[in-house]
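So the sequences go chain by chain: A and B. In case it helps, this note's numbering puts the first sequence at residues 1 to 265. In case it helps, this note's numbering puts the second sequence at residues 266 to 481. Every residue gets a Cβ at the ideal spot worked out from N, C-alpha and C, and that includes glycine. Written below as C-alpha cells is the structure these notes are about.
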Amino acid sequence: MKKTVSMLLATLAAATLLTACGKKAEAPAAAAPAAAQAIVIGLDDNFPPMGFRDDKGELVGFDIDLAREAGKRIGVEVQFKPIDWSAKEAELSGKRVDVLWNGLTITEERKANILFTTPYLENHQIIVVTDKSPITSKAQLAGKVVGVQDGSSAVDAIQKDGDTAKAIKEIKKFGDNVTALMDLSAGRLDALVVDEVVGRYYTGKKPGEYRVLEDNFGTEDYGVGTRKDDTALMAKLQKAMDEMKADGTAATISTQWFGKDIVKK
Amino acid sequence: MSYLLDILSPLLQGTLVTLQVFLLTMLLAVPLGLGLALLRLSRRAWLGRLVSGYVWLMRGTPLMLQMLFIYFALPFVPVIGIRLPDFPAAILAFTLNYAAYFAEIFRAGIQSVDRGQYEASKVLGLSYVQTMRRIVLPQMVKRILPPMSNETITLIKDTSLIYVLAMNDLLRAARGIVQRDFTTSPFVVAAAFYLLMTLVLTWAFQRMEKKVAVYD
Chain A
1 MKKTVSMLLA
11 TLAAATLLTA
21 CGKKAEAPAA
31 AAPAAAQAIV
41 IGLDDNFPPM
51 GFRDDKGELV
61 GFDIDLAREA
71 GKRIGVEVQF
81 KPIDWSAKEA
91 ELSGKRVDVL
101 WNGLTITEER
111 KANILFTTPY
121 LENHQIIVVT
131 DKSPITSKAQ
141 LAGKVVGVQD
151 GSSAVDAIQK
161 DGDTAKAIKE
171 IKKFGDNVTA
181 LMDLSAGRLD
191 ALVVDEVVGR
201 YYTGKKPGEY
211 RVLEDNFGTE
221 DYGVGTRKDD
231 TALMAKLQKA
241 MDEMKADGTA
251 ATISTQWFGK
261 DIVKK
Chain B
266 MSYLLDILSP
276 LLQGTLVTLQ
286 VFLLTMLLAV
296 PLGLGLALLR
306 LSRRAWLGRL
316 VSGYVWLMRG
326 TPLMLQMLFI
336 YFALPFVPVI
346 GIRLPDFPAA
356 ILAFTLNYAA
366 YFAEIFRAGI
376 QSVDRGQYEA
386 SKVLGLSYVQ
396 TMRRIVLPQM
406 VKRILPPMSN
416 ETITLIKDTS
426 LIYVLAMNDL
436 LRAARGIVQR
446 DFTTSPFVVA
456 AAFYLLMTLV
466 LTWAFQRMEK
476 KVAVYD
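Spelled out as C-alpha cells, the structure:
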C-alpha cells in the first residue's frame, strides 16, 4: 500500500513537472521586442466580446481577431497572455507583455506611461440600472451607490463629471463587470457605469432585467498600447491598423462581433 | 444538463492547474519546512533566530502580497532581480509561505517528543542523525498528522489566489464562464470539485493516521 501510494505520488509529481515545463516552452517571456519574432499581447481573458474563452477554452473576441490579422500583416507571431487587468501597466513596463490590446481606452493619465495607436473604436460609458429601478437620468444618481470595474476608464469618466461625482454616495469598485451586475440585481448597487460594447453584451444576455439610460458619462476612444519607448513596434502596429481600416477587414470583423460596422475611421 | 457537460472541460483544465500548484507546493514545502524546523531547534542560537525571522516574515505578510512581490517587484530588485514566468513565481511564493507554516508544525511535533528519548538514544550510542531518523521523527509524524491535514486542506483552497497572476485555476476558470454566460451555475460545479478534492485529502490523512496508530 505504502509503495503504491508513493509511486502514485511520484508519477503525479513527474507529470506535473513535465506539463509545467511544457507550459513554459509554449509561452516564452516577452523579452527584447525589437528583435523578437513574436509579440506578446496582454489582455483580460474575461472581457467579452472583446476577448474571452469559448466552450473549448480557446481565446476569441473582436480584439483577438483584429490582433491576429494585424500580426499577419506585420509578419510576426502573435501570442496572447491573460493578465490581471488592474496590473496592466506593471505587466507592460515589466516587459511581460509588449502590447495591450483589449478595449483599452485612451486617457490622458494613461498616455503618461503608454504609447497609443490612433483610435479604432468609439465607446460610450453607459449607465446600466435594473429594469425596475426608478432612476432615469444621470442627475438621479445623486446619493446612490454606483459600481464600476476596478482599473477601467469608467472610474475616470465619472471623476471627470465633477458635479455628478460629488453627488454620488459611493463608487464601488469590482474585479469584473459581472459581479457588479450581480450586485445590481441583488439591490446593493443602484447603477453600473460600464463600456458600451461590454455592457450591451451582458444586458443582451438577460433581456428584461436591465435598462440602459439615455444619459452617459461621455464618449471615449479605444486604442492599442505599447511601451513608451517601443516606437518601432508602434509604427508597425499603426500601419497594419490603417491598412485594416482602409481595405474593410476591420469592418468585416466588427460586423461579425457587433452585427454592424462600428470601427472608427 | 448538456450545459454542465459543456462547462466541464474548462473546469477540468482549471482543476489540473489547481492540482499542479498543490502537488508541487507540497513536494517542495514539506522538506523545506522540515529543514527549517531542524535549523530552528539547532544548538546554534543565531540559526534559530534566523529561522524565527523567516517564519515571522512569511506568516506576517499576506500570501497574495508575496506572490505579487515575486512576480512584479522582484524583476526590479538590484542584484537578485529575476523575472520569473507566472507558474514558477506562484510555486515559489506558495513554497516559501507554506514551508514557514509547516516548519512550525514540525517544530511542535519534534518538541513534543520527551527528553528522555534523547537521553536513551545517547545511552544506546546513537548519533544525532540516527536519533532523529529512527527515534524522534517517526514519533513526530504521528503527532503532526492532524495539523498537517488542516494545513493541506487550506492549501488546496489557497491555490485560487493565483488568479492575481491571471492563471486559470479552477476558481478563475469558473469565473471566466460566469462572465461569458452570465450565469452562476459554474460556481456550484467548482464548489463540488473543491469538496471532492478535500474529501480525498481527508480520507488520505485518516488512512495515514490509522496506519501510524499501530504504535499506540
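- For Asp423(B), the enclosing alpha helix (DSSP H) stretches over residues Leu402 to Asp423.
- Of Arg324(B), Leu389(B) and Ile370(B), the smallest CA-CA separation from Ala358(B) is found for Arg324(B).
- Judged by DSSP secondary structure, Ile126(A) falls outside any alpha helix (DSSP H) and instead within the beta strand (DSSP E) spanning Leu121 to Thr130.
- Here Asn102(A) has Leu43, Asp44, Phe47, Met50, Gly51 and Asp63 as same chain residues with Cβ atoms under 7 Å from its own Cβ, once five neighbours each way along the sequence are excluded.
- In the three-state reduction of the DSSP assignment, Val212(A) falls in the strand class, which pools E and B.
- When the beta-carbon positions are compared, Asp190(A) and Lys144(A) come within less than 8 Å of each other.
- No Cβ-Cβ contact shorter than 8 Å links Lys173(A) with Val194(A).
- Three or more beta-carbon pairs drawn from the region 357-375 of chain B and the region 400-413 of chain B are found closer than 8 Å, and the two stretches are therefore classed as touching.
- Per DSSP, Asp156(A) is not a residue of any beta strand (DSSP E); the alpha helix (DSSP H) it occupies stretches across Ser153 to Lys160.
- Annotated three-state conformation of Phe447(B) is coil, per DSSP.
- Per DSSP, Trp257(A) lies in no beta strand (DSSP E) segment; the continuous alpha helix (DSSP H) that holds it begins and ends at Thr249 to Phe258.
- With the rule of 3 Cβ pairs closer than 8 Å, the region 60-79 of chain A does not count as touching the region 464-477 of chain B.
- Excluding its 5 nearest sequence neighbours in each direction, Leu66(A) has C-beta neighbours in its own chain below 8 Å: Trp101, Tyr120, Met244, Ala250 and Ile253, listed in chain order.
- Per DSSP, Gln376(B) is not a residue of any beta strand (DSSP E); the alpha helix (DSSP H) it occupies stretches across Asp351 to Gln376.
- For Leu402(B), the closest of Ser377(B), Gly390(B), Asp423(B) and Leu389(B) by C-alpha to C-alpha distance is Ser377(B).
- Shown here for Ala455(B): same chain residues with a beta carbon closer than 7 Å to its own, the five before and five after excluded, namely Leu276, Leu435, Leu436 and Ala439 in chain order.
- In this structure, DSSP gives Gln238(A) a helical state, which the three-state scheme calls helix.
- Within the DSSP secondary-structure output, Thr105(A) pairs in a beta bridge with Tyr222(A).
- Here Gly218(A) is not near Gln159(A), since their CB atoms are 8 Å or more apart.
- The Cβ-Cβ distance between Ser133(A) and Glu220(A) does not fall below 8 Å.
- Here the region 321-336 of chain B makes no contact with the region 287-298 of chain B; the two share fewer than three CB pairs at distances below 8 Å.
- If you draw a 10 Å sphere on the C-beta of Ile83(A), you find 16 or more other C-beta atoms in it, and that means buried.
- Residue environment: Gly381(B) is assigned as exposed (fewer than 16 neighbouring CB atoms within 10 Å of its CB, all protein chains considered).
- Within 10 angstroms of the beta-carbon of Thr449(B) lie fewer than 16 other beta-carbons, which makes it exposed.
- Taking 7 Å as the Cβ-Cβ cut-off, the region 195-207 of chain A approaches chain B at Tyr202, Lys205 and Lys206, given in chain order.
- Apart from sequence neighbours up to five positions away, the residues of its chain that approach Asp54(A) with a beta-carbon distance below 7 Å are Val60, ordered along the chain.
- Contact between the region 108-115 of chain A and the region 195-212 of chain A is not established, with fewer than three Cβ pairs separated by less than 8 Å.
- The Cβ neighbour count for Phe352(B), taken over all protein chains shown within 10 Å, is at least 16; the residue is labelled buried.
- Annotation: the continuous alpha helix (DSSP H) that includes Gly298(B) extends over Ser267 to Arg305.
- Secondary structure at Arg309(B): coil, using DSSP grouped into helix, strand and coil.
- Below the 7 Å Cβ cutoff, chain A contributes Gly94 as neighbours of Pro340(B), in chain order.
- Across the region 56-80 of chain A, CB contacts with chain B closer than 9 Å involve Lys56 and Gly57, in sequence order along the chain.
- Taking the beta carbon of Asp423(B) as reference, no residue of chain A falls within 9 Å; the closest one sits roughly 17 Å away.
- Residue pairing from DSSP places Ile41(A) in a beta bridge opposite Phe80(A) and Val99(A).
- The beta carbon of Ala167(A) lies closer than 6 Å to those of Ala142 in the same chain, with the five residues before and after it left out.
- Val443(B) and Val178(A) do touch by the CB rule: their CB atoms are close to 6 Å apart, below 8 Å.
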